[in-house]
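Student: Structure incoming, see below.
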């Protein structure tokens, strides 16, 4: 199919019910396996580590081990994990390290995000809940100043950003209005120097949207040079 290099990662939905100790063990096990894949298929497949940005010092150590010692080429994070989002203050040491490591971070939704109580039927957790959580996480990373404070990070989003390209105009409008729109809530503290769309165009997005017009919107919003092909497989195959 003309694809020269592929990246494999582990979305780690199974960590949802684990203790912090078991989470770390599972993450370490994946890192060790990912580097085996990378070495076995050298030049064709590259592995990403899986890390929880709010996981504390032990997770930071594992991030360094996975990249500096094992030689993995990037990091996968969840858009949220047990109520924690990657813009939380606890995650700032993670972003400091990522910028120093100079590797891409791939953000993927968890098993289900916020609003879980309303998406238990009709596979809404997968079709609506996950992309909604991803969109929220990206919006928070923007307005909470992560892309402002760590300008060299390379952030790649799965699933086309979960609809962020559709709502970025609303985010720009909210930023422009600021205090004029006081009745919708405060826009404080101000952590960014440009409108949200400025930061969105620094990101990269994959094509797994399951809807051609949605993929076109991503290209129209950030440019084709910031769009990557994604498969969402295994375990699921993309619909034709």
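Numbering (the numbering used here), first residue to last: 19 to 258.
All C-beta atoms, glycine included, are put in the ideal place defined by N, C-alpha and C.
1) Flag this pair as yes or no: are the beta carbons of residue 88 and residue 53 separated by less than 8 Å?
2) Counting only runs of 3+ residues fully inside the stretch 75–160, write out the beta strand (DSSP E) ranges in chain order.
3) If distances are taken between C-alpha atoms only, which option among 79, 194, 85, 38 comes closest to residue 123?
4) Could you have a look at residue 209 and say whether DSSP puts it in helix, strand or coil?
5) Using DSSP with H/G/I as helix, E/B as strand and the rest coil, what is residue 175?
6) Can you tell which of 34, 57, 62 has the C-alpha that lies nearest to the C-alpha of residue 22?
7) Specify whether the stretch 187–195 and the stretch 134–148 touch according to this definition: at least 3 beta carbon pairs, one from each stretch, less than 8 Å apart.
8) Less than 8 Å separating the beta-carbons of residue 162 and residue 105?
9) Quick one: is residue 206 buried, meaning 16 or more other Cβ sit within 10 Å of its Cβ, or exposed?
10) Check whether the Cβ atoms of residue 41 and residue 70 lie closer than 8 Å to each other.
11) Since residue 92 and residue 121 should fall inside the 8 Å C-beta cutoff, what is the C-beta to C-beta distance between them, to a whole number of angstroms?
12) Pick helix, strand or coil for residue 230, following the three-state DSSP scheme.
13) Taking Cβ positions, are residue 214 and residue 186 nearer each other than 8 Å?
14) Compute the Euclidean distance between the alpha carbons of residue 238 and residue 37, then round it to the nearest angstrom.
15) Specify the secondary structure class of residue 26 as computed by DSSP and reduced to three states.
16) Residue 250: which of 233, 46, 225, 134 sits nearest, CA to CA?
17) Does residue 19 come out as helix, strand or coil in the three-state DSSP assignment?
18) Helix, strand or coil for residue 44 per DSSP?
19) Between residue 109 and residue 25, what straight-line distance do the alpha-carbon atoms span, to the nearest angstrom?
20) Within the same chain, show all residues whose beta-carbon is closer than 6 Å to that of residue 172, passing over the 5 residues directly before and after it, in chain order.
21) State the start and end residues of the unbroken beta strand (DSSP E) segment that holds residue 224.
22) The alpha helix (DSSP H) that contains residue 192, what's its start and end?
23) How many angstroms separate the CA atom of residue 66 from the CA atom of residue 45?
Tutor: According to the data block:
1) Cβ distance < 8 Å, so residue 88 and residue 53 count as in contact.
2) 92–96, 122–126
3) 85
4) coil
5) Assignment of residue 175 by DSSP, reduced to helix, strand and coil, places it in the strand class.
6) 62
7) no
8) yes
9) Exposed, because fewer than 16 other Cβ atoms sit within 10 Å of the Cβ of residue 206.
10) yes
11) 5 Å
12) The answer is helix: DSSP assigns residue 230 an H, G or I state.
13) yes
14) 42 Å
15) strand
16) 225
17) coil
18) helix
19) 24 Å
20) Contacts found: 122.
21) Element bounds for residue 224: 222–224.
22) Residues 182–195.
23) 11 Å
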